[in-house]
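Using the numbering used here, read the sequence shown as starting at 1 and increasing by one per residue.
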Amino acid sequence: MKSTPIDYQIVTEKIKASGLKSVGTASIREIKKLIDEIEKATAQKFIRMEMGIPGLPPEKIGVAGQIEALQKGVAAKYPDIQGVPELKEEISRFVKLYMDIEVDKEGCLPTVGSMQGGFACFLMLSRLFNERDTTLFIDPGFPVHKQQHRVLGRKFASFDVYNYRGEKLREKLESYFKTGKIHSVLYSNPNNPSWICFTEDELKIIGELATQYNVVVMEDLAYFGMDFRKDYSKPGIPPFQPTVARYTDNYILFISSSKVFSYAGERIGMMVISNKLFNTRFEDLLEYYPSSQFGYAMIFGTLYPLSSGTSHSAQYGLLAMLKAANNNTFNITKSVLNYGDKARVMKKLFTDNGFEIVYDTDIDQPIADGFYFTFSYPGMNAEQLLNELVYYGISAISLLITGSERTEGIRACTSLVQVSQFGDLEQRLKQFKSDH
Ligand SMILES: Cc1ncc(COP(=O)(O)O)c(C=O)c1O
Numbered sequence: 001m002k003s004t005p006i007d008y009q010i011v012t013e014k015i016k017a018s019g020l021k022s023v024g025t026a027s028i029r030e031i032k033k034l035i036d037e038i039e040k041a042t043a044q045k046f047i048r049m050e051m052g053i054p055g056l057p058p059e060k061i062g063v064a065g066q067i068e069a070l071q072k073g074v075a076a077k078y079p080d081i082q083g084v085p086e087l088k089e090e091i092s093r094f095v096k097l098y099m100d101i102e103v104d105k106e107g108c109l110p111t112v113g114s115m116q117g118g119f120a121c122f123l124m125l126s127r128l129f130n131e132r133d134t135t136l137f138i139d140p141g142f143p144v145h146k147q148q149h150r151v152l153g154r155k156f157a158s159f160d161v162y163n164y165r166g167e168k169l170r171e172k173l174e175s176y177f178k179t180g181k182i183h184s185v186l187y188s189n190p191n192n193p194s195w196i197c198f199t200e201d202e203l204k205i206i207g208e209l210a211t212q213y214n215v216v217v218m219e220d221l222a223y224f225g226m227d228f229r230k231d232y233s234k235p236g237i238p239p240f241q242p243t244v245a246r247y248t249d250n251y252i253l254f255i256s257s258s259k260v261f262s263y264a265g266e267r268i269g270m271m272v273i274s275n276k277l278f279n280t281r282f283e284d285l286l287e288y289y290p291s292s293q294f295g296y297a298m299i300f301g302t303l304y305p306l307s308s309g310t311s312h313s314a315q316y317g318l319l320a321m322l323k324a325a326n327n328n329t330f331n332i333t334k335s336v337l338n339y340g341d342k343a344r345v346m347k348k349l350f351t352d353n354g355f356e357i358v359y360d361t362d363i364d365q366p367i368a369d370g371f372y373f374t375f376s377y378p379g380m381n382a383e384q385l386l387n388e389l390v391y392y393g394i395s396a397i398s399l400l401i402t403g404s405e406r407t408e409g410i411r412a413c414t415s416l417v418q419v420s421q422f423g424d425l426e427q428r429l430k431q432f433k434s435d436h
């Protein structure tokens, strides 16, 4: 019988009972369920790094704004699909003050999380041009976006950006755009799962090619402001959150409130459509929509049948947070800096014990410390490593489900790990190293 930090026999039994072929290939939710059961059976706590959920309380300003709106009775009324006017105004101010871009309030829409923003865009963008049927993902990426394509029956192509950083990105992107089949391209920045951040040069390449080939860029800012190497939290003062919007006018931004405001439960995000795209007419849309104008078709042809708008009270919660952020009475990144502090310590514990960081640089700079990091162990692939780590009380997910080609890579999320667990993490990693 092996001696491992978590009882070897119980872990083996629970894996067997779960019916999973392998922990290493299980989905995030399957891993969560298995670990919940092992924790219950052993009364021991895991270092839980599998789920990308906020580990902080929601921003109080948002909760207060939302309660006030509920008390005023907004729950009884259907919200306008295009959003509460004051919220649209604050979103427009927010992107000006924190990104230094000009977007009319008409193009600033609340959505039921960024998740719905993506779904709505995938629906519409695949209908802009009859001859273009493919979304391009710059991977690694968020697996649910691909699931959304599958349920919609939409085509996508993807490549792992690992080997195409810097100028190499141009040729790679162009090879897809040249086919004439790509209507849009999507990436997250900072990136889930790898936490790489595109440089200004890379954003410029993406923007220039988007304009040249008339491809819409969807920039997923689920981790807005969270590249902590720079302070993006001062409204109206550089540096600003990097964005492709400085290099093309053919873009849609998804700004989630889930992570930066710890507001995941209320399912509210922002979709920001460039002025140019909002007003462009695409004749092929008329087959499905009442108008060929992009913005009109998005609001009255797409968001309307999806959910008839976004929760009324959640819009007021977001409004309160944005107003405070825009008026500089609330610092948007102060509370989430904690994720970066934890990542710095955790990455060192891993690398001190023989592990390696997989996506380790942004061209010539070490990667930022933030919500996620990626790691591997020499001589093991991701599946073997995940299977083994369970016995050491450490849970995470494989990069394989994210479109990464790094078959050895694991994604770790820092959010739920407590500083008080660092001692356990260190002991477990030390034992892992000596056992392997
Ligand atoms: C890259 C990325 N995009 C989108 C989302 C979904 O965001 P929301 O909670 O606003 O729907 C997430 C959430 O984890 C994410 O990581």
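For every residue, glycine included, the Cβ atom is placed at its ideal position computed from N, Cα and C.
Can you tell me whether I237 is buried or exposed, with buried defined as 16 or more other CB within 10 angstroms of its CB?
-> exposed
Could you pull out every unbroken beta strand (DSSP E) segment of at least 3 residues lying fully inside the stretch 325-369, listed in chain order?
-> none
Can you find a heavy atom of ligand 1 that lies under 7 Å from the Cβ of A264?
-> yes
Three-state secondary structure assigned by DSSP to T135 | strand
Heavy atom of ligand 1 within 7 Å of D139 beta-carbon | no
Just checking, does the stretch 317-336 make contact with the stretch 93-109 on the three C-beta pairs under 8 Å criterion?
-> yes
Within 7 Å: the Cβ of S415 and any heavy atom of ligand 1?
-> no
Is the distance from the Cβ of V217 to the Cβ of V103 below 8 Å?
-> no
Spatially closest choice to F432 from D36, L123, T351, I196, by CA coordinates | T351
Would you kindly report the start and end of the unbroken alpha helix (DSSP H) that includes R411?
-> Not the alpha helix (DSSP H): R411 falls in the beta strand (DSSP E), residues 410-413.
Return yes when the C-beta of M115 is under 7 Å from any heavy atom of ligand 2, and no when it is not.
-> This structure simply doesn't include ligand 2; it includes ligand 1 instead.
Please work out which residues of its chain come closer than 6 Å, Cβ to Cβ, to I397, disregarding the five sequence neighbours upstream and downstream, and give them in chain order.
-> I28, E50, R411
Kindly identify the DSSP beta-bridge partner or partners of C108.
-> V272
Cβ-heavy atom distance between A343 and ligand 1 below 7 Å?
-> no
I38 vs I10 beta-carbon contact at 8 Å = yes
Where K88 falls: helix, strand or coil (DSSP) = helix
Tell me where the alpha helix (DSSP H) around S175 begins and ends.
-> 168-177
Own chain residues within Cβ distance below 7 Å of L319, not counting five before or after | G65, V84, E86, L87, E90
Going straight from the alpha carbon of P193 to that of D139, what length do you get?
-> 9 Å
Express the C-alpha separation of F129 and I394 in angstroms, rounding to a whole number.
-> 47 Å
Under the three-state DSSP convention, the category Q241 falls into | coil
Which stretch, first to last residue, makes up the alpha helix (DSSP H) that contains F209?
-> Note that residue 209 is Leu in the sequence shown here, rather than Phe. Its alpha helix (DSSP H) spans residues 200-213.
Would DSSP call L128 helix, strand or coil?
-> coil
Would the stretch 295-315 and the stretch 223-235 be scored as touching if the rule is three or more Cβ pairs under 8 Å?
-> no
Sequence-distant residues of its chain with Cβ nearer than 8 Å to M346 (five each side left out) = F373, A412, T414, V417, F422, L425
Limits of the beta strand (DSSP E) - the one that T374 falls within | 372-376
Quick one: any contact between the stretch 74-82 and the stretch 273-284, if contact means 3 or more CB pairs under 8 Å?
-> no
Kindly confirm or deny that the stretch 117-132 and the stretch 178-196 touch, where touching means at least three C-beta pairs closer than 8 Å.
-> yes
Out of S434, Q427, G403, Y391, which has the shortest C-alpha to C-alpha gap to I144?
-> One detail in the question is off: residue 144 reads as Val in this sequence, not Ile. If we check each option's Cα against that of V144, G403 comes out closest.
Going by Cα to Cα distance, which pick from M115, G180, I35 is closest to K16?
-> I35
Three-state class that DSSP yields for V417 in the structure shown = coil
How about P79 and G301: are their beta carbons less than 8 Å apart?
-> no
In angstroms with no decimal places, state the Cα-to-Cα distance between S22 and Y391.
-> 13 Å
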